[in-house]
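Peer 1: Numbering (our numbering), first residue to last: 966 to 1067. Positions of the beta carbon are idealized from the N, C-alpha and C atoms, including for glycine. Would you mind keeping the following structure in view while I ask a few things?
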Amino acid sequence: MDAAEYVLCRWKGHLWPAKVLSRLGTSATSDRGGLFPLEVEVLSTDEKIQVNSTDITALSVSRIEALASSAGMPLAQNPISKDKLTKRTKKPMKKLSLERIG
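Here it is in structure tokens:
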């Protein structure tokens, strides 16, 4: 996995947004199978935890849109076009994400 600044990590049975604080493994560790520990700070709780690289997903705009869609904002069922809806939802979702991250 490339170096992402913010990720979704599995914690207490759910995916949580987190800020990557440090990569605890060495390059030799990641060469042996891609498994390396990361220290992350779970956002909104300020709790620092260690997670394996297999328990995280990079947080990207497309991932945020997918989460928004699964949270009850289905793009296909809206009477307006998908392009217009994407333009209308992208800015508020980006603002919400930045508020959560910052």
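Mapping the DSSP letters down to three states, classify C974 as helix, strand or coil.
Peer 2: Translated into positions along the sequence shown, residue 974 becomes position 9. Looking at C974 - three-state DSSP - the assignment turns out to be strand.
Peer 1: Could you spell out the range, first to last residue, of the alpha helix (DSSP H) harbouring R1032?
Peer 2: Indexing the sequence shown from 1 puts residue 1032 at position 67. Arg is not the amino acid found at residue 1032; the sequence shown has Leu there. Taken as a continuous stretch (DSSP letters only), the alpha helix (DSSP H) holding L1032 covers V1026 to S1035.
Peer 1: Label N1043 either buried or exposed according to how many other C-beta atoms from any shown protein chain fall within 10 Å of its C-beta, with 16 as the threshold for buried.
Peer 2: Position 78 of the sequence shown holds residue 1043. With a pLDDT of 46 at N1043, under the threshold of 50, the modelled position of this residue cannot be trusted; read the value that follows with caution. The residue is exposed, with fewer than 16 neighbouring Cβ atoms inside 10 Å.
Peer 1: In angstroms with no decimal places, state the Cα-to-Cα distance between A920 and K977.
Peer 2: Examination of residue 920 is not possible in this model, given that the chain is present from 966 through 1067 alone.
Peer 1: Indicate, with yes or no, if the ligand ZN has a heavy atom lying under 7 Å from the CB of L989.
Peer 2: Inclusion of the ligand ZN in the displayed structure is not the case, the ligand content being empty and no account of it being possible.
Peer 1: Could you give the first and the last residue of the continuous beta strand (DSSP E) run that contains L986?
Peer 2: In the sequence shown, residue 986 corresponds to position 21, counting from 1. Element bounds for L986: H979 to R988.
Peer 1: In chain order, what residues of the same chain lie with their CB nearer than 6 Å to the CB of I1021, ignoring the 5 residues before and after it?
Peer 2: In the sequence shown, counting from the first residue as 1, residue 1021 sits at position 56. Cβ neighbours of I1021 beyond the five flanking positions: V972 and C974.
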